[in-house]
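So the protein sequences, as listed, match chains D and C.
Straight run, no breaks: the first sequence in numbering that gives the first Met the number 0 ends on number 254.
Straight run, no breaks: the second sequence in numbering that gives the first Met the number 0 ends on number 242.
From the three backbone atoms N, C-alpha and C, an ideal C-beta is built for every residue, glycine too.
Computed from a prediction, not measured in an experiment: that's the story for all the values here.
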Amino acid sequence: MMKKQLAMVIDSSSCIDCKACMTACKVENQVSAGNWRNWIKVQDADFAQSGRPEGADSMHFQPGNCMHCDNPTCVQACPTSATYKDEKDGTVKVNENLCIGCGSCIPACPYGARYRRPDKKIVDKCDFCEHRRQRGDLPACVTTCPTKARTFGDLNDPDSDVARLLKRNKTMRVINPESDTRPNIYYMSMTAPLNWPVKAEIPTPIQLWKFVNPLVWGFVGLNALGVLAMLGKQLLVKDEPPVSVHEEKKEDAHE
Amino acid sequence: MNSKMIKRHAKITIFMHWFNTFCWFFLLATGLGLIRNDDLQLTGGWWSNLMVSLFGSAETLLLVHEIVGLVWAGAFMVFLVFGFRKYVLPFLRQIFTYSPSRDLKWLIKKNIQMTLGYKWLKRLGFTPDIPEQGFYNVGQKLFAVVSVLGGIVIVVTGLIMFLSNILIDNTAIVQWAILIHFVTVGLVIGGLLIHIYMAAISPDERPAFFSMFTGTVPEDYAEHHHKLWYDEVKTAERKAHSA
Ligand code: HEM
Chain D
0 MMKKQLAMVI DSSSCIDCKA CMTACKVENQ VSAGNWRNWI KVQDADFAQS
50 GRPEGADSMH FQPGNCMHCD NPTCVQACPT SATYKDEKDG TVKVNENLCI
100 GCGSCIPACP YGARYRRPDK KIVDKCDFCE HRRQRGDLPA CVTTCPTKAR
150 TFGDLNDPDS DVARLLKRNK TMRVINPESD TRPNIYYMSM TAPLNWPVKA
200 EIPTPIQLWK FVNPLVWGFV GLNALGVLAM LGKQLLVKDE PPVSVHEEKK
250 EDAHE
Chain C
0 MNSKMIKRHA KITIFMHWFN TFCWFFLLAT GLGLIRNDDL QLTGGWWSNL
50 MVSLFGSAET LLLVHEIVGL VWAGAFMVFL VFGFRKYVLP FLRQIFTYSP
100 SRDLKWLIKK NIQMTLGYKW LKRLGFTPDI PEQGFYNVGQ KLFAVVSVLG
150 GIVIVVTGLI MFLSNILIDN TAIVQWAILI HFVTVGLVIG GLLIHIYMAA
200 ISPDERPAFF SMFTGTVPED YAEHHHKLWY DEVKTAERKA HSA
């Protein structure tokens, strides 16, 4: 049996920007004021564009949330490993008790899916409604969507809705070409906008840490070599101070 | 040989030294266990796995690290306040007082003697006498400075991380604190290796090792290793006698 990989397939062309998913999520997960765990990106129609590329002459709505990536840059940025990729269901999680709220993961997400909770001062984001899944329900945004734009399930189970949709339809992922995190949200055929994910940025101190890590261990190692040299000499070399030292000392003492 | 004992360490200093040692080993073991990011592993993460399974979970590991760290810092704060004039100030005065030419000579010669021996000292063109030292030799003083200043930096950065999800809203400060905490521990550990060798393994310093339990050293050891201090003690004794 393959491991689970929970994922979403989103048909953005059926999204009507009603924001029911955003509201449902916000209530369900008690998301703090001013923050959102999910979103709907909007592409405005551009009638002035010459040649009218497909989709340019109509408005388009694109729902999204944490993409539970296969190459999660947020996990790479986390110094405490509070953020991790759960092997059991393939979701990217935040361990509340390990998160010290340093915020390193926030700019490391190309999708802006993470925020620091103002009350607990730790990081929060979409967890595919873990508490709902535990009692057998779908994520709140999926259940609530009136046009069924969002489909949720295990990618690695060939009988799941997401696997079937992926097999039958042309799908695409929205990525930043400079830092492809291999997201697990798939969009069916043409979706827009595509240019919004930012480049994943791991904060300077965390990058520096990775750089100085071998230097620090190298420094400790050099000192250990020094100790070994002294120990080797202690065990192997018979080393008496020349007699003259003692004699000088005695002369000093007579003064 | 004269084996009369003279006092070197007060009971409270001995206690603080071993309390500090215990905290350092504990905090080092648990702290290294907390580093679980894949890109920061040198050994495939077996140490953190060991620590996590020893303490049950990564959360408990973090919690005990924080508690012992706070107790360690708290105990030193108390010692700092109540022992400032009697113990802390004299100690700081000792470790921050240097005599450049004598101390530099000591560092060069002692390093050669400890690693290569007296024969090489001579071969490299040095005289075999090693400059006289005070209560602490330069090596001890330098390590003491590193561990005092390092300790302060480690406590401050540790507190910043601890308070991060309680008080702090500027996350950049927390990110830098993480890096500085790690690097500073590395610097102190480098020195600590030498310190432990000199204090516990090298036969030359055996009497100093015992003095960290009994508080006293034999006079001839003091005269041979800390001549300037020995002379001070003797002068003080003579004055006390004649008074
Ligand atoms: C197995 C561990 C350790 C042993 C066997 C040990 C042993 C000793 C001894 C014997 C002395 C007295 C030296 C003298 O009287 O001349 C001493 C002093 C001292 N120890 Fe340790 N120690 C240990 C760990 C530590 C640790 C972890 C620290 C701090 C990070 C530390 C910091 C100091 C300092 C600052 C002094 C006074 C100045 C100096 O000797 O450099 N020690 N130690």
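* Any chance the CB of Trp23/C is under 7 Å from a heavy atom of the ligand HEM? -> Taking the second sequence and counting its residues from 1, the one referred to as residue 23/C is at position 24. Distances between the C-beta of Trp23/C and the heavy atoms of the ligand HEM include at least one below 7 Å.
* Note the first and the last residue of the continuous beta strand (DSSP E) segment covering Val152/C. => In the second sequence, the residue the question calls residue 152/C occupies position 153. Secondary structure note for Val152/C: it is in no beta strand (DSSP E), and the uninterrupted alpha helix (DSSP H) holding it is Val137 to Leu162.
* Asked: Does the distance from the CB of Val173/D to the CB of Tyr186/D come in under 8 Å?
  -> The count along the first sequence starts at 1 and reaches residue 173/D at position 174. The count along the first sequence starts at 1 and reaches residue 186/D at position 187. The Cβ-Cβ distance between Val173/D and Tyr186/D falls below 8 Å.
* To do: Tell me whether Lys147/D is buried or exposed, calling it buried when 16 or more other Cβ atoms sit within 10 Å of its Cβ.
  => Stepping through the first sequence from its first residue, residue 147/D is reached at position 148. Exposed.
* Asked: The alpha helix (DSSP H) spanning Arg36/D covers which residue range?
  -> As a working note, residue 36/D is residue 37 in the first sequence. Unbroken run through Arg36/D: none, as it is neither H nor E.
* For the alpha helix (DSSP H) that Val211/D lies in, which residues bound it at each end? -> Looking up residue 211/D in the first sequence gives position 212. Thr203 to Leu235 is the extent of the alpha helix (DSSP H) around Val211/D.
* Asked: Quick one, which of Cys98/D, Cys108/D, Lys237/D and Ala81/D has its alpha-carbon nearest Ala182/D's?
  -> Taking the first residue of the first sequence as position 1, residue 182/D is located at position 183. Note that residue 182/D corresponds to Pro in the displayed sequence, not to Ala. The shortest CA-to-CA distance from Pro182/D to any of Cys98/D, Cys108/D, Lys237/D and Ala81/D is the one to Cys108/D.
* Taking 7 Å as the line, does the beta carbon of Thr20/C fall inside it for any heavy atom of the ligand HEM? -> Translated into positions along the second sequence, residue 20/C becomes position 21. Yes - the ligand HEM has a heavy atom lying nearer than 7 Å to the Cβ of Thr20/C.
* **Residues that Ala223/D contacts on chain C, provided the C-beta gap is smaller than 8 Å** => Here residue 223/D refers to the residue found at position 224 when the first sequence is read from its first residue. Neighbours of Ala223/D on chain C, chain order: Leu192.
* Asked: Hey, is Asn96/D's beta-carbon within less than 8 Å of any beta-carbon in chain C?
  -> Start at 1 with the first residue of the first sequence, and residue 96/D comes out as number 97. Chain C, which has a Cβ nearer than 8 Å to the Cβ of Asn96/D, makes this yes.
* Would you list, in chain order, the members of the stretch 54–65 of chain C that have their beta-carbon closer than 7 Å to a beta-carbon of chain D? => Taking a C-beta cut-off of 7 Å against chain D, the contacting residues of the stretch 54–65 of chain C are Ala57, Glu58 and Leu61, listed in chain order.
* Return the residues of the stretch 59–78 of chain D that lie within a Cβ-Cβ distance of less than 7 Å from chain C, sorted by chain order. => If the cut-off is 7 Å between Cβ atoms, the stretch 59–78 of chain D has Gln75, Cys77 and Pro78 near chain C.
* Asked: Since Ser52/C meets chain D, which of its residues come closer than 9 Å, beta carbon to beta carbon?
  -> Taking the second sequence and counting its residues from 1, the one referred to as residue 52/C is at position 53. In chain order: nothing, as chain D lies at least about 15 Å away.
* **Nearest-angstrom Cα separation, counted from Lys87/D out to Arg134/D** => As a first step, residue 134/D is located in the first sequence; it is residue number 135 there, counting from the start. As a first step, residue 87/D is located in the first sequence; it is residue number 88 there, counting from the start. Arg134/D and Lys87/D: Cα-Cα distance of roughly 17 Å.
* Can you round the beta-carbon distance between Phe60/D and Asp16/D to whole angstroms, since I take them to be within the 8 Å contact cut? -> By one-based count along the first sequence, residue 60/D stands at place 61. By one-based count along the first sequence, residue 16/D stands at place 17. 4 Å between Cβ atoms; contact.
* Based on Cα-Cα distance, which residue from Ala72/C, Val216/C and Phe161/C lies nearest to Gly149/C? -> Here residue 149/C refers to the residue found at position 150 when the second sequence is read from its first residue. Checked all of Ala72/C, Val216/C and Phe161/C; the closest Cα to Gly149/C is Ala72/C.
* Inter-residue spacing [alpha-carbon to alpha-carbon] between Thr96/C and Ile193/C -> Here residue 96/C is taken as the residue at index 97 of the second sequence, counted from 1. Here residue 193/C is taken as the residue at index 194 of the second sequence, counted from 1. Whole-angstrom Cα-Cα distance: 21 Å.
* Asked: Would DSSP call Asn168/D helix, strand or coil?
  -> Position 169 of the first sequence holds residue 168/D. DSSP places Asn168/D in the coil class of the three-state scheme, outside both helix and strand.
* To do: Tell me whether Ser241/C is buried or exposed, calling it buried when 16 or more other Cβ atoms sit within 10 Å of its Cβ.
  => Translated into the one-based positions of the second sequence, residue 241/C becomes position 242. By the neighbour-count definition (other C-beta atoms within 10 Å, threshold 16), Ser241/C is an exposed residue.
* To do: Anything in the stretch 133–162 of chain D with a Cβ closer than 9 Å to a Cβ of chain C? List those residues in chain order, please.
  => Listed in sequence order: no entries.
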